[in-house]
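Heads up, the thing below is written out as structure tokens.
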Amino acid sequence: MTNETGPGRQTILIVDDNPVNLGVVVDHLEQAGYDVLVALGGLEALDRVRFADPDLILLDVMMPDMNGFDVCRNLHGDPQYRDIPVIFMTALADVQDKVTAFAAGGVDFVSKPFQVEELLARVQTHLALRKATADLEARSRALEAEVEARRSAERLLRESEIRHRRLFESAGDAILVIDCADATVVDANEKCAELLGLSRDRGALPFADLACFSERLSAQEVLAALREERQMKWPEWSWRRSDGEPVHAEVIGNTYEAGGRLLAQCTLRDIRVRKEAEARVRYLALHDSLTGLPNRTMLMDRLQQAIGHARSHHEQIGLLLLDLDHFKHINDSLGHFIGDELLEQVARRLRSVLTEGDIAARLGGDEFVVVATGVRGPHDAEQLARRISDNLLEPFFVQGRRLHAGASIGICLYPGDGDSPAALLQAADTAMYQAKKRGRGNHRLFSADLSMAADRWHTLSNDLHGACERNEFVLHYQPQISVETGGVIGLETLLRWHHPVQGLIAPGLFIPLLEEHGKMVEVGRWVLKQACLQNAAWQAQGHPPVRIGVNLSAQQFYRGDIVLAVREALLESGLAAEWLELELTESLTLDDTEATLRIMRELKALGVMLSLDDFGTGWSALGYLSRFPLDRIKIDRSFVRDLINDSSTAAIVNSILDLARQLNLDCVAEGVETAAQLEHLRLNRCPSIQGFFFSQGVEMQNIPALLRGTIPTAPLLDTLPQQRCA
């Protein structure tokens, strides 16, 4: 390696403690075109070498701080500087000194006094020798790199050939290589040999002899297409192997040149599994995967065909829609595996009842449809419904369990009840729901009256969307009365819907619709907020404060973040929490779980009151009353109704009142409508009552008069003290 400080210039370091010698040598070397550095001692020389990295060193031996031999040994011991040629310049003439100089790493020895021409010649020689050595080493390294590159390329090529051969042999598709010139098979992988029934040990095989061309295309046509298009795809070839097994394959062909030959590579993908999967998909698209019965898609198609046939032959069709009774309970309590097996057994029984030409289908869940062709009228359809019902009444045995699952059946007829599959299904669905209302295990024929009721139901369902935003909901309030004082101690909030066309809609009609369409959370929040705002407004007007009760549905309680909703309603209205009562309906199937307890405790932490509505109709138990943080129970109106005429009911009511007193719970009797009921409750120390005997639901604007006692309620005024507000 040379260190050139300018173009073509080399650097020489002269080390000598005699300035005179330095001056002479420096002048001649600079005249010869060299860059010259000087050092007056050995230590300085070592520093200069590390700084300048000279191309050659002229080194004196006898120096005061470090002799030249030690300097040379030091340089020779450092891999970075050992290749710098060192020429000793010394007055020492002993042979042993020269041997020592060469042993230390010197390349030449010049005795003082020396001839300048001789020194310059030696310098030029060793610099040229160093350059030649460096060039030779560079060429050697280049050759070694080239050889290694070739070896690496050959190794990579071999590895690539091995990989590609491995890919070729282990490919999931059959691969066939053809010489387009002589139309022979050049190569075929194991999969191809298996697919085509070839022996890989035989020599060149004519392309035309392959079995795949016996039924689809000729070899000449394939080769001609590949030569012309260079790339071809045939979606499906079908042939039979020598053993008679049918084969279906997708074929993709590409051509390329190799060794001066035009080769074609054909990839044959066995699509038998795919075709089987497609057939399976087609089957699943038209059949219920659990029972194997036609699904809704296939039912609609078959029903449309049946309608077309019946129309052209002036025949009738009976359509029966079945909904299994108690299936949800079985599925939820015993698990989906038992529920699924029960559905399979139901499907088998339906098939056993039907005659040729009838269709049984599963719509989904526990709903089945039977299409009976050739019926002569309603009588035939009802007879079929009875046969199905009788068949399903027999117990089912599922995984060692004895199960009962009848069906409610809706019946309609083509063409009288509808002339399209959708219309017939709608009619049968309407009839089926009416059959359920009669009780389980019934069937019902469709009629125009049912259609009118169904139309109203669907109309109300549609109109219910956006009713809250259109301010169609209003709140009425039914007072709760203290039996002891006759004063109003609370108001229960009642939701009413003023339909813009149909007027006031009964709560029993639209509340189930709200729950069915998942609107109870949204509407419930509105009711809660409005009730709190209104109660706060009455108190601000100077009316005595009374608690206001708001009913909570199961949807609100479990899915509506009820704690946040109550907190926001109280904050926005400014109503003190003690004047808000949340009524939990016992029939909402509240679970005795930690989640239920947690929500109740969080509500109680807000300061509101909790009451249990419709007590006695659901999961009443002393354990629930003692665990739940309740303030009040409300005796269901069904008990109050039979209070006078049924001694057993009276005993139940008396027991509920005793239980409430023992648990330190307040108690309200709902549905009080007669003086006799009131008297009985008074004698048994019922604290408060609610019902039509005192007042129905009162509109918001009339509540102030009620609180002031200016609304006439004659029956109760004659039986209770005259203090109108507690």
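Residue numbers for the sequence shown, in UniProt numbering: 1 to 726.
No residue lacks a Cβ here, since even glycine has one placed at the ideal position from N, Cα and C.
These numbers were taken from a predicted model, which means no experiment stands behind them.
{"Query": "Is the beta carbon of Ala-264 sitting closer than 9 Å to the one on Val-177?", "Result": "yes"}
{"Query": "Considering just the uninterrupted stretch of the beta strand (DSSP E) at Asn-254, what are its terminal residues?", "Result": "246-258"}
{"Query": "Using 8 Å for Cβ pairs, my map puts Ala-660 next to Cys-667. What's the rounded Cβ distance?", "Result": "4 Å"}
{"Query": "Check each candidate in Arg-444, Ile-338, Gln-555, Asn-442 and name the one with the smallest Cα separation from Gly-400.", "Result": "Ile-338"}
{"Query": "Need the endpoints of the alpha helix (DSSP H) that Phe-693 sits in, please.", "Result": "Per DSSP, Phe-693 belongs to no alpha helix (DSSP H) and is neither H nor E."}
{"Query": "When the Cα of Leu-319 is compared with those of Val-375, Ala-285, Leu-226, which residue comes out closest?", "Result": "Val-375"}
{"Query": "Is the distance from the Cβ of Asn-535 to the Cβ of Leu-580 below 9 Å?", "Result": "yes"}
{"Query": "With a threshold of 6 Å on Cβ separation, who are the neighbours of Leu-588 within its own chain once the five nearest residues in sequence on each side are excluded?", "Result": "Because Leu-588 sits at a pLDDT of 49, beneath the cut-off of 50, its placement in the model cannot be relied upon, and the point is left open."}
{"Query": "Quick one: what's got a C-beta closer than 8 Å to Ile-12's C-beta in the same chain, skipping five residues either side?", "Result": "Leu-29, Tyr-34, Asp-35, Val-36, Leu-37, Pro-54, Asp-55, Leu-56, Ile-57, Leu-58, Val-123"}
{"Query": "So what does Tyr-414 bridge to, in DSSP terms?", "Result": "Ile-317"}
{"Query": "Spatial neighbours of Glu-228 within its chain, please: CB distance less than 8 Å, with the 5 preceding and 5 following residues excluded, ordered by chain position.", "Result": "none"}
{"Query": "What runs of the beta strand (DSSP E), each 3 residues or longer, lie entirely inside the segment 31-111?", "Result": "35-39, 56-60, 86-90, 108-111"}
{"Query": "In three-state DSSP terms, what is Leu-570?", "Result": "helix"}
{"Query": "Using the beta-carbon count (16 or more within 10 Å), is Gln-115 buried or exposed?", "Result": "exposed"}
{"Query": "Based on the DSSP secondary-structure assignment, which residues constitute the bridge partners of Gln-539?", "Result": "Paired residue(s): none; Gln-539 is not in a bridge."}
{"Query": "Distance, Cα to Cα, Pro-512 vs Ile-599?", "Result": "24 Å"}
{"Query": "Determine the extent of the alpha helix (DSSP H) in which Ser-333 is found, giving its start and end residues.", "Result": "327-334"}
{"Query": "With a 10 Å radius around its C-beta and 16 neighbouring C-beta atoms as the bar for buried, classify Glu-492 as buried or exposed.", "Result": "buried"}
{"Query": "Quick one: is Pro-235 buried, meaning 16 or more other Cβ sit within 10 Å of its Cβ, or exposed?", "Result": "exposed"}
{"Query": "When DSSP builds the beta bridges, which residues end up paired with Asn-551?", "Result": "Glu-583"}
{"Query": "Is the separation between the beta-carbon of Asp-358 and that of Thr-373 shorter than 9 Å?", "Result": "yes"}
{"Query": "Could you give the C-beta distance for Val-110 and Phe-88, rounded to a whole number, given that I count them as a contact under 8 Å?", "Result": "7 Å"}
{"Query": "Determine the closest residue to Val-411 out of Gln-316, Cys-266, Glu-161, with distance taken between C-alpha atoms.", "Result": "First, the residue type needs correcting, since residue 411 is Ile and not Val in the sequence shown. Residue Gln-316 is the option with its Cα nearest to Ile-411."}
{"Query": "Could you check whether His-404 and His-326 sit closer than 9 Å to each other, using their CB atoms as the reference points?", "Result": "yes"}
{"Query": "Can you give me the start and stop residues for the alpha helix (DSSP H) that Ala-605 sits inside?", "Result": "594-606"}
{"Query": "Gly-105 to Ala-142, Cα distance in whole Å?", "Result": "28 Å"}
{"Query": "Write down every uninterrupted run of the beta strand (DSSP E) in the segment 341-410 whose length is 3 residues or greater and which is fully enclosed by it, in chain order.", "Result": "359-364, 367-375, 396-398, 401-403"}
{"Query": "Among Leu-223, Leu-293, Gln-701, whose alpha-carbon lies nearest the alpha-carbon of Val-474?", "Result": "Gln-701"}
{"Query": "Determine the contact status of Asp-108 and Pro-85, defining contact as a CB-CB distance below 9 Å.", "Result": "yes"}
{"Query": "Which runs of the beta strand (DSSP E) spanning at least 3 residues fall entirely within the segment 613-691, listed in chain order?", "Result": "632-635, 666-669"}
{"Query": "What residues match up with Lys-233 in a beta bridge as DSSP calls it?", "Result": "Ile-252"}
{"Query": "Our contact map puts Gly-549 next to Glu-515 with C-beta atoms below 8 Å; I'd like the distance itself, whole angstroms only.", "Result": "Contact doesn't hold; Cβ gap of about 20 Å is too wide."}
{"Query": "Looking at the secondary structure, which residues open and close the alpha helix (DSSP H) in which Val-123 lies?", "Result": "116-170"}
{"Query": "Look at the Cβ atom of Ala-360, then the Cβ atom of Val-369, and state whether they are nearer than 9 Å.", "Result": "yes"}
{"Query": "Have a look at the DSSP bridge pairing and note the partners of Cys-266.", "Result": "Leu-176, Gly-253"}
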